[in-house]
Every structure is written in structure tokens, then in C-alpha cells.
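K.L.:
Heads up, the numbering used here is the position in the sequence shown plus 196, with the first residue counted as 1.
Quick one: the structure is below, and I'll ask about it shortly.
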Amino acid sequence: MNHIWRKVWNKFISILYKRIITVLTILFCAGVLGALLSMSHLSFQLVESQALQNAKVYAQLMKKARTVYSSEIVSRAETVDGISVTHDYLNQEGAIPLPATYLLELSRKIRENKTDMSVRLYSDYPFPWRRNEGGPKNQFEWEALNYLKVNPNQSYFRVETFGGKPTLLYAEADVMTPSCVACHNTYPGTPKTDWQVGDVRGVLEITQSLEQFKTQTRTGLQETFLMLGGLSIVGISGLALSIRRLRQHSRQLQQQVRERTIDLVQANEEILRLNDQLQLENMRMSAELDIARKMQQMILPKPEELTSIEGLDVAGFMKSADEVGGDYYDILNYNGIVTIGIGDVTGHGLESGMVMIMVQTAIRTLKEMQETDPIKFLDVLNRTIYRNVERMNSDKNLTLAIANYAGGRLSVSGQHEEMIVVRSSGQLERIDTIDLGFPIGLDAEISQFINQISVQLNSQDVAVLYTDGITESEDINGTFYGLERLCQVIQWNRHLSATAIQEAVIADVLHYIGNQKIYDDITLLVMKQK
């Protein structure tokens, strides 16, 4: 059965190849027709959009004209003897119209000059002399009035058909301003005397016929249709000539392909040989990385070391972004002084992991030598790492904080991330370490930058050290986890043990990351005063 389908398919491809010009002509014509239909649909949307924009401009101009008339003319005329402002200005000598009456007269003039547009002002509280024409007259006007009372800053519009012609009905709220309230509340015969600033006193409606826009667009489309028709004929002719030339080139290419195939076979054999060599190299590198990773894990503090610390509940966590991480942490308990170290080597991978192991070894050595002065401690450590990194021809360095704990007091030195302290009451303290040191391994001499700060931990107080792999973890949108969220999680869980707090933080971070790749090593140290 598969053989039959294969023969049918090959026959179809053969016919298609021989009649390719005809097939492409049909497809080209179908594409042009589809484009024309799409343009026709888009043109009507453009007509509506243009008419709507036109109506918005007219509405704004009408409102602006009334505002200028009210502020620049009426306000001055009222101060002149013999000039009155009234709706019945035509029958009174020396009178000028009210702003609303002026707007009505302006609307009438627009209707006389523009037969395809009309402007109307109406309200559900018309003055007595406009009761017959000043209120809503149809369903659209009632709907517009009710909608704009609730949404005075928006517009209300739709397209309806009148006399077989599409017409845009556009309405905006006529809102009470401070200069209008007093007049409307006190003018003789006013139907409402409790107007307030911001009330919707009525609706300004623009009625715009779309027939003129459609005629202009239709003329443009006809010209476009003719142009596309001419381009289609030229395009099909050019396509036919191109296909003939392509067939000639195809025969030449087939000969070149046969010649190149021989070269590719030889190249493929060479690639296979190099691939086998690369696999052997990868296996060797993988073994080296595995050894380095195991060495890192072996020198991390054991659980029994942490539980043996008197007065302090301690929990640590480290997760590498690669097989070998560049983060460092250690906890050393010696002669009643607990030394806690945490650092972040630039980058990650084998080279960063080696620097991390060197730092751990140097700190352990200094502890065995009973060096307690923070300046000497970090100065010797820095010079040791600087010389080793220099020998490695590497540019690696690290931020490092060293904290010494004894009798409830925690002394911190070295430049790293902020230390978080959450008191038993929930009060948050953030200890900035920027002025307590300098990056290790970046410069040979850093003693002048080293300082120390001490924090007293009371019962149930929590202190937390971390690397930026936590605060700079990203969610699916690329947004950082952040220090504020880390502080909140610690505050919420401060009543738990150090291990439980550590587990809560890591669970929240991993939930925040979701299925995203972990780009940096994650390290967390939680200390809780018993």
C-alpha cells in the first residue's frame, strides 16, 4: 500500500514540476484576489476610523469655542452696562447669547454649511424654551445620555444606516464647569437648581455621514485594483521567464551536486573521526568535573558539625548552576568561636570551583593558626588567593564575608551581600557589607578597606547570609526574586527552626523560578539564636 502511495506522490510531483508556471499563476492570482478582498475590508474600517476621528475633532472644537466664548466674551460683557446675556438675545436690544445658546447657534450654522454633518446638544433637563427639541429623541440619544452619565470621560458612538447610507453617531458628555454651575442653578426658569461641578448636564452629539468617505475610498480601491492587475500580468510574465532560467541552472546544479557529493563523503569521514576524538575529550573533561564536584561536596560542613554548635541553630544549603559551582560557604567551630564564611566567585564552572576550594583551604589554615584579627585574617587570605589566581592566568575574584560568633554576638567583616537579621518580634534589620571589605583576589593589598561590625543576637533572633543567586533568580518574565521577598519569607517563618526556615526559603525560590533554567549558584546560611 505504501508503495502505491509513493508512486502516486512521485507522479504528482512530476506533473507539478512540468506545469509549475500554470500552478504558480493560479496561486499568484488567488493571492492577489485575497489581498484585494482584505484591502476592501480594511478600507471600510479605515472609513469608520477616519469619521470617528473627524467627529472627535469637531466635538473638541465645539467645546473649545464655547469655553473661549464664555471666558473671553461673556465674562467681559457682563461687566459692561447695557449688555445682557440671555437665551432670548434676538428679541432684546444690546443682548448676547448664553454660552449654551451660542453653541446651539453654532451647531445650526454647521448643519447649514455641511449637509453630511449635524451637531446637536440635548439634555434630560432642558430649559423650558427648549423642551420640545432639547431632550433625547431616539434610542441612541437615551443610551448615550445614560452611558455618559456613568462614564463622563469617555465617548459613545456607533454606525447606523439612515436612508440606505451608513452614518456615524458620536456623543460626548457635556460636563459642568465652575463657570457654568452658578448660571445654571440661578438662571430664570432653570429645571434643576442643584448642579455641581463635574455633573453631566447633557450630551454633545455629532452625526456624520460616511458616504463621502466611502466614495473616496472606493475610487482609491478601483485605482489600486487596476494597478495590481497590471503588476500581476508583469509579475506572471517575469515569473515564467525566471522559471525557464531556473530549470537551466537546475541542470547545471545537478552536475555540481554530483561532484560535491564525493567531497562531502570525504568530509563526513573526517568529521566522524573528529567526533570520536571529541567524545573521548568530553569523557575526560566530564571525569575531571565530577572529581571537582565531589571535592566541593566533601569539604562542606557535615550535619553533625552544625548540631554541635552551642547556643546557635545553623542550617546551610548550596546548589550549583553547573556541575561545579563558584559559591562558597563553611562553618568552623574552634575553641568556642564559630567562624561562618560565605562567598561568591565570579562565574561558575571548573575554574570558579577551584578558586572556591582554595578559599576554603586558606580559611581553614588561618583558623588552625588561631588568627582572630579580621584585618590580618582577610589580608593574608586575599594575598594567598591573589597570588594563586595570578599563577593561573585567571581573572577570577570573589565577594566574601567572614562572621565570627561567640556568646550571642556575631561580628562580620568582608564585602558581600547584605546580612539579614530578623528579631524574634519580626523586626527586620539589613546589615550592608559594602564598606567592610574588598573583593578577594582582585588586588594584592586590601587591608585599608577591611572593617568589622558586630550584632547582638538575642533568643530566637535569626541571621541570614546568602549569595546573589537567590535574589537574582528570575521568573518566566525575567523579573528578579529580589531582596524584599527574601526578607518577607524569613519574617513569616522566623518562629521555625533554622533548617525549616532554610527549606521554606529554597522552596519559595524554586517555586518562583518554575521551569526556568537556574543561571547562578544558590547558597543560603540560616543562623538562629537558641
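We treat Cβ as the ideally placed atom computed from N, Cα and C, and that holds for glycine.
Fair warning: this is a prediction, and the values are worked out from it, not measured in the lab.
Could you pull the start and end residues of the beta strand (DSSP E) that Q656 belongs to?
P.N.:
Mapped onto the sequence shown, residue 656 falls at position 460. Looking at the DSSP string, Q656 is not in any beta strand (DSSP E), and its letter there is neither H nor E.
K.L.:
Report the rounded CA-to-CA distance for P332 versus G290, giving the unit in angstroms.
P.N.:
Your numbering for residue 332 matches position 136 in the sequence shown. Your numbering for residue 290 matches position 94 in the sequence shown. Going by the C-alpha atoms only, they are around 33 Å apart.
K.L.:
Alpha carbon to alpha carbon, how far is M372 from Q392? Give it in angstroms, no decimals.
P.N.:
Mapped onto the sequence shown, residue 392 falls at position 196. Mapped onto the sequence shown, residue 372 falls at position 176. Roughly 7 Å separates the two Cα atoms.
K.L.:
What are the start and end residues of the alpha helix (DSSP H) that includes P374?
P.N.:
As a position in the sequence shown, residue 374 is number 178, starting the count at 1. Counting along the chain, the alpha helix (DSSP H) containing P374 begins and ends at 374-382.
K.L.:
Based on Cα-Cα distance, which residue from R605, Y715, I697, I666 lies nearest to L653?
P.N.:
For the purposes of this step, residue 653 is taken as residue 457 along the sequence shown, with counting starting at 1. When each option's Cα is compared against that of L653, the closest is R605.
K.L.:
I believe S643 touches I571 by the beta-carbon criterion, under 8 Å. Please report the beta-carbon distance rounded to the nearest angstrom.
P.N.:
The count along the sequence shown starts at 1 and reaches residue 643 at position 447. The count along the sequence shown starts at 1 and reaches residue 571 at position 375. Right, their Cβ atoms sit about 6 Å apart.
K.L.:
Leaving out the 5 sequence neighbours to the left and right, which residues in its chain are closer than 8 Å to M554 when beta-carbon positions are compared?
P.N.:
In the sequence shown, the residue the question calls residue 554 occupies position 358. Excluding sequence neighbours, M554 sits near T580, I581, N584.
K.L.:
In angstroms, rounded to a whole number, what distance separates the CA positions of N529 and R469?
P.N.:
On the sequence shown, residue 529 is found 333 positions in, with the first residue counted as 1. On the sequence shown, residue 469 is found 273 positions in, with the first residue counted as 1. For N529 and R469, the distance between alpha carbons rounds to 54 Å.
K.L.:
Given 8 Å as the limit, is there contact between the region 391-408 and the region 314-334, that is, 3 or more CB pairs closer than that?
P.N.:
yes
K.L.:
Among R327, G549, A700, S267, which residue has its Cα nearest to the Cα of P387?
P.N.:
Here residue 387 refers to the residue found at position 191 when the sequence shown is read from its first residue. The shortest Cα separation from P387 among R327, G549, A700, S267 belongs to R327.
K.L.:
How is L364 classed by DSSP in three states: helix, strand or coil?
P.N.:
Counted from its first residue, the sequence shown places residue 364 at position 168. The answer is strand: DSSP assigns L364 an E or B state.
K.L.:
From the DSSP output, read off the bridge partner residues of K515.
P.N.:
If you number the sequence shown from 1, residue 515 lands on position 319. Bridge partners of K515: I718.
K.L.:
Thinking C-beta only, is T403 closer than 8 Å to M258?
P.N.:
For this step, residue 258 is matched to residue 62 along the sequence shown. For this step, residue 403 is matched to residue 207 along the sequence shown. Going by C-beta atoms, M258 is not nearer than 8 Å to T403.
K.L.:
Which of the three DSSP states, helix, strand or coil, is assigned to L508?
P.N.:
The count along the sequence shown starts at 1 and reaches residue 508 at position 312. Of the three classes helix, strand and coil, the one that applies to L508 here is strand, per DSSP.
K.L.:
Along the chain, where does the alpha helix (DSSP H) containing I553 start, and where does it finish?
P.N.:
Sequence index remark: in the sequence shown, residue 553 carries index 357 (1-based). Counting along the chain, the alpha helix (DSSP H) containing I553 begins and ends at 546-564.
K.L.:
Around the C-beta of I598, are 16 or more other C-beta atoms found within 10 angstroms, so that it is buried, or is it exposed?
P.N.:
As a working note, residue 598 is residue 402 in the sequence shown. Classification of I598: buried, given that the 10 Å Cβ count is 16 or more.
K.L.:
Can you tell me whether V660 is buried or exposed, with buried defined as 16 or more other CB within 10 angstroms of its CB?
P.N.:
Position 464 of the sequence shown, counted from the start, is the residue given in the question as residue 660. Label assigned to V660: buried.
K.L.:
Check this for me: beta carbons of L364 and A247, under 8 Å apart or not?
P.N.:
The residue given as residue 364 occupies position 168 in the sequence shown. The residue given as residue 247 occupies position 51 in the sequence shown. Yes, they are a contact pair.
K.L.:
Between the region 589-596 and the region 615-622, do at least 3 Cβ pairs fall closer than 8 Å?
P.N.:
No: the two stretches stay apart, fewer than three of their Cβ pairs being nearer than 8 Å.
K.L.:
Could you check what DSSP says for A291 in three-state terms: helix, strand or coil?
P.N.:
Sequence index remark: in the sequence shown, residue 291 carries index 95 (1-based). Looking at A291 - three-state DSSP - the assignment turns out to be strand.
K.L.:
Near S266, what residues of its chain come up, given a Cβ to Cβ distance below 8 Å and the 5 sequence neighbours on each side ignored?
P.N.:
Position 70 of the sequence shown, counting from 1, holds the residue named residue 266. Hits under 8 Å: P295, S375, C376.
K.L.:
Taking the beta strand (DSSP E) that R397 belongs to, which residues open and close that run?
P.N.:
Numbered from 1 along the sequence shown, position 201 holds the residue referred to as residue 397. Residues 396-405.
K.L.:
Thinking just about the alpha-carbon of each residue, which of E506, Y525, L508, A367 is nearest to the one in K515?
P.N.:
Residue mapping note: residue 515 aligns to position 319 of the sequence shown, counting from 1. Among E506, Y525, L508, A367, the Cα nearest to that of K515 is on Y525.
K.L.:
Starting from the C-beta of S607, find all residues in its chain whose C-beta is less than 6 Å away, skip the five residues before and the five after it, and write them out in chain order.
P.N.:
Position 411 of the sequence shown, counted from the start, is the residue given in the question as residue 607. N600, Q648, S650, listed in sequence order.
K.L.:
So, with DSSP's three-state summary, where would you put D631?
P.N.:
To locate residue 631, count along the sequence shown from 1; it is residue 435. Residue state, collapsed to three classes: coil.
K.L.:
Going straight from the alpha carbon of T275 to that of L300, what length do you get?
P.N.:
Here the question's residue 275 lines up with position 79 in the sequence shown. Here the question's residue 300 lines up with position 104 in the sequence shown. Each residue's alpha carbon lies about 24 Å from the other.
K.L.:
Three-state secondary structure (DSSP) at M494?
P.N.:
Indexing the sequence shown from 1 puts residue 494 at position 298. Note: M494 maps to helix in three-state DSSP.
K.L.:
Going by other Cβ atoms of all chains shown within 10 Å of its Cβ, with 16 needed for buried, is Q462 buried or exposed?
P.N.:
For the purposes of this step, residue 462 is identified with residue 266 of the sequence shown, where counting begins at 1. Exposed.
K.L.:
Whole angstroms is fine: what's the gap from L302's alpha carbon to T415's?
P.N.:
Taking the sequence shown and counting its residues from 1, one reaches residue 302 at position 106. Taking the sequence shown and counting its residues from 1, one reaches residue 415 at position 219. Going from the Cα of L302 to the Cα of T415 covers about 33 Å.
K.L.:
In the structure shown, what three-state DSSP assignment does R619 receive?
P.N.:
Numbered from its first residue, the sequence shown carries residue 619 at position 423. Three-state DSSP puts R619 in coil, outside helix and strand.
K.L.:
Please report how far the alpha carbon of S351 lies from the alpha carbon of L679, in whole angstroms.
P.N.:
Residue numbering aside, residue 351 sits at position 155 when the sequence shown is read from its first letter. Residue numbering aside, residue 679 sits at position 483 when the sequence shown is read from its first letter. Those two C-alpha atoms are separated by around 45 Å.
K.L.:
Over what stretch of residues does the beta strand (DSSP E) that includes R354 continue unbroken?
P.N.:
As a position in the sequence shown, residue 354 is number 158, starting the count at 1. Start and end: 351-358.
K.L.:
Is the region 687-700 close to the region 629-646, with three or more CB pairs under 8 Å?
P.N.:
no
K.L.:
With three or more C-beta pairs closer than 8 Å as the rule, is the region 669-683 touching the region 493-502?
P.N.:
By the Cβ test, the region 493-502 is not in contact with the region 669-683, since fewer than three Cβ pairs between them sit closer than 8 Å.
K.L.:
Could you check whether T667 and I718 sit closer than 8 Å to each other, using their CB atoms as the reference points?
P.N.:
For this step, residue 718 is matched to residue 522 along the sequence shown. For this step, residue 667 is matched to residue 471 along the sequence shown. Contact flag unset, no.
K.L.:
For V315, which residues in the same chain have their Cβ closer than 8 Å to its Cβ, ignoring the five residues on either side in sequence?
P.N.:
To locate residue 315, count along the sequence shown from 1; it is residue 119. Hits under 8 Å: Y254, M258, L302, S303, I306, R307, L400, E401, I402, T403.
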